[in-house]
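Below you'll find the structure, written out as structure tokens, and then a few comments.
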Amino acid sequence: MEQGYHYKKGLWTVEEDKILMDYIRVNGKGRWNHIAKVTGLQRCGKSCRLRWMNYLSPNVKKGDFSEDEDDLIIRLHNLLGNRWSLIAGRVPGRTDNQVKNHWNTHLSKKLGIKKERNKVGNRSKTLSRECRVEVETLIRPPSDQNLMAPSCESSRGGDIIHQANEGSQELVIGVPDAPERETDGFFVDCCSFWSRNDELNQVSPALVELLAGYPLDMDWPDL
DNA sequence: AAGGATCGCAACCGCAAGTTC
DNA sequence: AGAACTTGCGGTTGCGATCCT
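Numbering that gives the first Met the number 0 applies: residue 0 is where the first sequence begins, and numbers increase by one.
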């Protein structure tokens, strides 16, 4: 492990950045805990990974967030709640840390939202028939054994469907006027939905409807 | 001008899941 | 199978910069 090493904390210096970048240029990303041993850099693996992911990576976009980015983040947050990595994955060049900070310092104030802890969006919405059919097609398990979406690709989200029954965590897309959600409605696991869209490599009409159709000031019902 | 308050963001922490051996 | 190690996530903190009185 990393026992026996005395790691430095706090802001990174230019020299440390250079050491980390040189290492990654030669060895590529990964094996973060090895970096200190190989380079003598007095930073733990987690710190190295974070520094690369959030700052040094050429994929990281610097500078202010545009209005389009703000709008996208707000809509995604409406759908996904505080699932920053998922949101960031849909905002090109932005990291989960950037999105989280931007939300907490700007967007939540802009929207007059008080900080919530451990809350993931509880959303229900009626979609058009065409949209529902498409979403259902996108998320339906291959076996087609039931209407429940497969569990999240991210293991951490694996309890989403389970929690739905307790009034939950996943995006629930209900059939119009169908109070018995478990029998008449169908559940959409956001992760599966997103991943399927990735596979399709296209912006589906269903996704457009989901993102575009959520009024920001809507009074969302509790589930 | 000074110093206290507030803001914004980089970085840390704890935890959980994935991977390797 | 399970222990050890690695990776990733979201919440939180610390501190420099800026604002305000």
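All C-beta atoms, glycine included, are put in the ideal place defined by N, C-alpha and C.
{"Check": "Burial state of Thr-12 (16 or more Cβ within 10 Å)", "Outcome": "exposed"}
{"Check": "Val-25, enclosing alpha helix (DSSP H) - first and last residue", "Outcome": "13-26"}
{"Check": "C-beta contact flag for Asn-81 and Lys-99 at 9 Å", "Outcome": "yes"}
{"Check": "Collapsed DSSP secondary structure at Gly-166 in the structure displayed", "Outcome": "At Gly-166 the pLDDT is 33, less than 50, meaning the model places this residue with poor confidence; the figure from the coordinates comes in the next sentence. Gly-166: coil per DSSP, three-state reduction."}
{"Check": "Exposed unless 16 or more other CB atoms sit within 10 angstroms - verdict on Ser-46", "Outcome": "buried"}
{"Check": "Own chain partners of Ser-84 with C-beta closer than 6 Å, once the 5 adjacent residues on each side are dropped", "Outcome": "Asp-95"}
{"Check": "Integer-rounded CB distance, given that Leu-79 should sit under 8 Å from Ile-73", "Outcome": "Ile-73 to Leu-79, Cβ: 11 Å. No contact."}
{"Check": "Sequence-distant residues of its chain with Cβ nearer than 6 Å to Phe-64 (five each side left out)", "Outcome": "His-101"}
{"Check": "Proximity below 9 Å, CB of Arg-50 to CB of Arg-42", "Outcome": "yes"}
{"Check": "Separation of His-5 from Pro-57, as counted between CA atoms", "Outcome": "29 Å"}
{"Check": "Between the CA atoms of Val-59 and Gly-92 - distance to the nearest angstrom", "Outcome": "5 Å"}
{"Check": "4-residue-minimum alpha helix (DSSP H) runs that sit fully inside the region 79-107, ordered along the chain", "Outcome": "83-87 and 95-101"}
{"Check": "Nearest candidate by alpha-carbon position, reference Thr-104, set Asp-69, Gly-88, Arg-89 and Leu-75", "Outcome": "Asp-69"}
{"Check": "Inter-residue Cα distance where the pair is Val-90 and Leu-106", "Outcome": "15 Å"}
{"Check": "Exposure of Leu-10, with buried meaning 16 or more beta-carbon neighbours within 10 Å", "Outcome": "exposed"}
{"Check": "CB of Thr-38 within 9 Å of CB of Leu-55, strictly", "Outcome": "no"}
{"Check": "Secondary structure of Leu-49, DSSP reduced to three states", "Outcome": "helix"}
{"Check": "Length of the line joining the Cα atoms of Glu-66 and Lys-7", "Outcome": "37 Å"}
{"Check": "Simplified DSSP assignment, three categories, for Leu-75", "Outcome": "helix"}
{"Check": "Selection from Leu-110, Gln-97 and Asp-21 that minimises the alpha carbon distance to Asn-77", "Outcome": "Leu-110"}
{"Check": "Cβ neighbours of Ile-23 in the same chain (closer than 7 Å, five flanking residues each side left out)", "Outcome": "Trp-51"}
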